[in-house]
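This report refers to the structure that appears directly beneath it.
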Amino acid sequence: MRDQVIDSLWPHLGVEAGAANLRKAAHHARQALGREDAVVLSGGQIAFMPTCQVDTDVDAFERMGKEALRSRSRAACVEAASAYTGILLPGSLYEEWTLARRDRVRSLHVELLRVSEAWGQLADVEPCDEQAHRELMRAALADGYRHAAIRWYGRLRTNLESELGMPPSAESQALYEECVAGLGRAAATLVGRQVELATAAAALRSAEDGELGALVVRGPAGIGKSALCRQIASSAARRGWLAVTVAAAAGADPYAPLVSVIEQLVSRDLTVLDGLPDKARSVLAELTALARARPREGGLTRHMVIGAIRRLLRAASDDGGVMLVIDDVHLADDATVEACAHLARSGSGFPFLVVLAYRAEGARPALTQGVAGLARAGRSVGIDVGPLDPDDVVVLASAGAPTKPDDKVLTQIVASAQGNPFVALELARTVVAGRPFAVSPSVWEAVTGRFLDLGDALGGVLCRLAVAGDDLDPVSVPALTGLSEPEAFTLLDAALAAGALIVSGARYRFGHELIRQALLRQIPPHQRIAMHREAARRLAAAGAAPGLVARQWLDGGRPHEAVGWLVVAARRAVKLGAFADALVHLDTALDYAPQHEDALCLRAEVLDALGDLRAPTAYAAAAQVVDEPASHDLRAKQALAELKLGDPPRALRTLEGSEPVSVEGRLAQALTLSGAAALGFADPELGTAKAAESRRLALASGDTAALVVASWAQAA
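Using my numbering, read the sequence shown as starting at 348 and increasing by one per residue.
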């Protein structure tokens, strides 16, 4: 004990000098306290007032807490819990002698809060406590605050996934289903589309025989793609297929729609992961914490992700078929599109069909190329969803109107809708008995007129949410509205009742993208810019995807604020093997910050990974903006890229004067020299030496791909 005190107070002194200081300090302490036994040094121990009874706040709390728990009195437990003063000795969190006592005191406090039914406090100190969150959900429901209950569930789900890698229990999920039951409008009945449904049924039968992998549903906004996909998924479920529906959103992380698929499958059956190999689970763990496995060391590749997802789908199929419905896939990242195309093209060893629904006019090149490739391979069938027949529009409008429209009104709706179901329904919902029907000049006026008539407060909230995007986290929605929680939840109820918002899984979405676009049109440009900036700040604070935060800064006219977020998004994409998506982020960042070192260096590595002819030039550009010795490392990587692209003489010229110091740089140099020698462009003896060196460096780096290349170089 004495030695510990000396080491703590005078670590720079020797034993004798420290002991002298201790005796002197003890003497001053006795004088200050006026007691000879204030500090007693004896037998290598130090005692503080050993003849006195010492009572601390922790002792008092433990006595009071234990007595309250024995009595099981709620009032006594409330009083005892209030005596808790916080974490024991927060300045000594990692001192071993404090650990057991700290855990004991904290556990006592948690149990007191539980018996006290102080669920809010318990949820704060135990973020993964399901009972506390369920009780908070029940209380919110009882008070009529349905959205507060949804928010509590969202918080619980996030905490469980991040801390424990597991979804909420069946009891918590059932309570959540009670929260969202009946929220928003029921989905409109599908009218017409018999030819399209027959095509989908034939595609499903072909997929059962392994002849088909994709069903492509194309059409303009509002034409009814989502409604058709819902019916297709229902038909598949009736045939015994497992149908999983997700929607893509702009600005999300790579593979975000497929991550939603993974999480739905795991939440549905926790045992689905048990039969997967450890490698597959570790890949899935890099995508979502629900995989409950140690993430891989190093980055992923596209083939790793596709292979792991295929294994999961096979495990979930239970000897049946699996249908993935991805709506709004024109908003999806390239990695998701490429993965879906690969799964559809190569087959999965079990009945599998991916339904890709999108607007052709908004499709990115990766999507159009992927769909075209599937068609050429005979692995897909396409459905181009066109306008509804006038008779079908009449049926749809009659079903969607609050009161039955007369023939004149229906004729006007048919003429204005031009076969678009969304427009027809929006016009039909403006029909009010006893009031003249006025056809809006455009769908935008019809939508905004209906929602803005609900009041300025709701209109303002919807506009702010429209600026934030179409994938809204229930935890961050109140913050995005700028209102207090009770005010925000009241308006959210109205928005759901009006059909402006819907609940999708554990999140909110707009009832249709056209609704969001119509609301955005109501915001003057200068106000929209300010709202984008505020949304960027709030989304960043809420932990949103970096790509989404960057998009808000860009839309808010602050591109330099977006650059850092774009680089973060690119690094995340690289880690997941989504190199094409990383390149999009980096090119955007460099448009606004051409000399950004991290962006230039990462862009060169991405192009190199893609085997792009621009990789050497990108390495050269990065080398010009960084200091030595980093520039030497980049030139070595440039040389290796040139060698891989078939230009050994140029690679050797690039290496001249280069002296890389990092393991990566030296490995690139060694691989370049050994490779050039193997091709007859450098000294064979030097090549042999460098090949051996490259293998040693590859082993030191732990880079499997580099080790394979180095082994080939040595064998050559």
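C-beta atoms are modelled at their ideal positions from N, C-alpha and C, and glycine is treated no differently.
{"Asked": "Contact set for residue 477: own chain, Cβ-Cβ below 7 Å, skip 5 residues either direction", "Found": "503, 515, 516, 519"}
{"Asked": "Boundaries (first-last residue) of the beta strand (DSSP E) holding residue 392", "Found": "392-395"}
{"Asked": "Ordered list of alpha helix (DSSP H) runs contained in the stretch 884-939, each at least 4 residues", "Found": "893-902, 906-922, 926-939"}
{"Asked": "Cβ-Cβ distance between residue 940 and residue 954 below 7 Å", "Found": "no"}
{"Asked": "Opening and closing residue of the alpha helix (DSSP H) in which residue 647 lies", "Found": "Taken as a continuous stretch (DSSP letters only), residue 647 belongs to no alpha helix (DSSP H), as it is neither H nor E."}
{"Asked": "Segment contact flag, the stretch 610-620 with the stretch 693-702, C-beta cutoff 8 Å, min 3 pairs", "Found": "no"}
{"Asked": "Simplified DSSP state of residue 966, which is helix, strand or coil", "Found": "helix"}
{"Asked": "Pairwise C-alpha distance: residue 713 and residue 1024", "Found": "39 Å"}
{"Asked": "Three-state secondary structure (DSSP) of residue 532", "Found": "Confidence in residue 532 is poor, its pLDDT being 48 and thus under 50, which makes the residue's placement too unreliable to answer from."}
{"Asked": "Helix, strand or coil at residue 816 according to DSSP, with G and I counted as helix", "Found": "coil"}
{"Asked": "C-alpha distance - residue 601 paired with residue 839, whole-angstrom precision", "Found": "29 Å"}
{"Asked": "Residue 857 - containing beta strand (DSSP E), residue span", "Found": "854-857"}
{"Asked": "Residue(s) in a DSSP beta bridge with residue 1064", "Found": "For the chain, the structure presents residues 348 to 1063; residue 1064 sits outside this window and is missing."}
{"Asked": "Of the residues 985, 1030, 638, 648, the one placed nearest residue 510, counting alpha carbons only", "Found": "638"}
{"Asked": "Beta-carbon separation (whole angstroms), residue 905 vs residue 880, contact threshold 8 Å", "Found": "6 Å"}
{"Asked": "Buried versus exposed, by CB contacts within 10 Å (16 or more), residue 531", "Found": "Note on residue 531: pLDDT 49, under 50, position unreliable in the model; the coordinate value appears next. Residue 531 is buried by the Cβ-count criterion."}
{"Asked": "Nearest-angstrom beta carbon gap, residue 582 and residue 704 [assumed within contact, 8 Å]", "Found": "Not a contact, Cβ separation roughly 15 Å."}
{"Asked": "Length of the line joining the Cα atoms of residue 352 and residue 362", "Found": "11 Å"}
{"Asked": "Outcome for residue 598 when other beta-carbon atoms lying within 10 angstroms are tallied against a minimum of 16", "Found": "buried"}
{"Asked": "Proximity winner among 991, 956, 1015, relative to residue 980 (alpha-carbon distances)", "Found": "1015"}
{"Asked": "Residue 387 - DSSP class collapsed to helix/strand/coil", "Found": "strand"}
{"Asked": "Any 3 or more C-beta pairs closer than 8 Å across the stretch 677-688 and the stretch 537-554", "Found": "no"}
{"Asked": "Check whether residue 764 and residue 756 have beta carbons under 7 Å apart", "Found": "no"}
{"Asked": "Distance, residue 499 Cα to residue 416 Cα", "Found": "27 Å"}
{"Asked": "Pairwise C-alpha distance: residue 735 and residue 768", "Found": "7 Å"}
{"Asked": "Residues near residue 976 by beta carbon distance below 6 Å, same chain, minus five either side", "Found": "1008"}
{"Asked": "Beta strand (DSSP E) segment containing residue 851, residue limits", "Found": "848-851"}
{"Asked": "Proximity of residue 986 and residue 1002 at Cβ, strictly below 7 Å", "Found": "yes"}
{"Asked": "Residue 533, buried or exposed, once every other Cβ within 10 Å from all chains shown has been counted against 16", "Found": "The predicted model places residue 533 with a pLDDT of 48, which falls under 50 and marks its position as unreliable; any figure quoted below should be read in that light. Under this definition residue 533 is an exposed residue."}
{"Asked": "The stretch 478-486 contacting the stretch 804-823, beta-carbon criterion three pairs below 8 Å", "Found": "no"}
{"Asked": "Secondary structure, alpha helix (DSSP H): runs of 4+ residues fully inside the stretch 695-776", "Found": "712-723, 737-747, 754-764, 768-775"}
{"Asked": "Spatial distance of residue 893 from residue 794 (CA atoms)", "Found": "31 Å"}
{"Asked": "Same chain, Cβ closer than 7 Å to residue 660, neighbours up to 5 away in sequence not counted", "Found": "669, 695, 699"}
{"Asked": "Sequence-distant residues of its chain with Cβ nearer than 6 Å to residue 973 (five each side left out)", "Found": "944"}
{"Asked": "Cutoff 6 Å; reference residue 853; Cβ partners in own chain excluding five residues on either side", "Found": "501, 504"}
{"Asked": "Cβ shell of residue 672 (< 6 Å), same chain only, five flanking positions each side left out", "Found": "576, 580, 592, 702"}
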